[in-house]
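Down below is the structure, laid out as structure tokens.
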Amino acid sequence: ASTLSQQIIKMSYLDYTNKTLARKAQEAWLALELEQKYSKNDILEIYVNKVYMSDRVHGMQTASEHYFGKSVKDISLAQTALLAGMPQSPNNYNPYEHPEAAKKRRDQVLTNMYSHNKITKDEMTAAQQTPINSGLRSQKDREDKIYKYDSYVTQVLSEIPKEYDVYRDGLTIHTALDRSAQEYTEKMLNTNEIVNFSDKEMQAGIVLQDTKNGRVQAIGGGRNQKVTRGYNYATQVKRSVGSTMKPIADYGPAFEYLDWSTAHILEDEPYTYTGGTPINNWDFGYKGP
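Residue numbers for the sequence shown follow this note's numbering, beginning at 23 and rising by one.
Here it is in structure tokens:
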């Protein structure tokens, strides 16, 4: 078991996957340093702003917005108790995935609050009688938030320097995401309203780039992917650039250095490199002018 101070150190500075005695000793020492510098109220405030709350959510305020769609100062007693009980085992007390366990844990928190004279018996009883899903955002809203812009977010996360922890360091990340373009891209991939795909198994990837400044405005990583950080067909498929290089390597230099126009005609005929190696068309045929 760890104190709140130790958990803060683990969440903020140490590799929590490294379960060695050396790391535990380091954690304990740094926790003592933390307690000498900050008051108990300060430590509690740091903890509630960093603690993991399931669904890739960290911090009580973010959790309140995620689960109830409102600020933590505006939620009910029952909802407050639900959030307060989750840090012990966030995924096991997730109200969407394990409502019965979440209710049992919430009710225990309410009982403890009554035992310590923080609420009245009537308040405890009323809160315990509140359904666990009272005020919860719909499952669809939850999924939309979890999977929102997933392909774009996945690529952004892959570009963050490894010395930063995106989930625990409180980073502010600026991107070139165009929400309208991203939503249109996802609609294009996941429905047949724009492109009539042959079947549900067909996959595709899209990257939309602003040609004026090179910024990536939207990424469609795949079709019908109801997972987070799924395979990204737009950025992870390693294939030859093929004919997409022609405007850069062939047409552009011809226009710029040979003064050819777009109507310039070339003979499609056998050709060799300087050393005599032949250059073939894909079908090994030639069609003349």
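Virtual Cβ for every residue (Gly too), placed ideally from N, Cα, C.
Within the model, the alpha-carbon separation for E215 versus K209 is close to 8 Å. In this structure, the beta-carbon distance from G91 to R159 falls below 8 Å. Contact check between the stretch 253 to 264 and the stretch 173 to 185: three or more CB pairs, one atom from each, fall below 8 Å, which counts as touching. G243 and Y60 have their C-alpha atoms some 45 Å from each other. Annotation for L230: the continuous beta strand (DSSP E) segment containing it runs I228 to Q231. In the pairwise beta carbon analysis, the stretch 186 to 201 is classified as not touching the stretch 261 to 274: fewer than three pairs are separated by under 8 Å. Judged by pairs of C-beta atoms under 8 Å, the stretch 277 to 289 does not touch the stretch 196 to 206, as fewer than three such pairs exist. Two segments are said to touch when three or more pairs of C-beta atoms, one from each, lie closer than 8 Å; by this definition the stretch 51 to 67 does not touch the stretch 96 to 110. When DSSP assignments are scanned along the stretch 226 to 267, the uninterrupted stretches of beta strand (DSSP E) that are 3 or more residues long and fall wholly within it turn out to be 228 to 231 and 238 to 242. Per the coordinates, the alpha-carbon of T25 lies some 27 Å from the alpha-carbon of E119.
Here S76 really is in contact with N116; their C-beta atoms are around 4 Å apart, less than 8 Å. Taking C-beta separations shorter than 8 Å and ignoring five residues to either side along the sequence, the partners of I195 in its chain run V178, I182 and V188, following chain order.
Of the candidates E223, Y136 and K167, the residue whose Cα lies closest to the Cα of A100 is Y136. Per the C-alpha coordinates, the member of G252, T84 and R127 positioned closest to L104 is R127.
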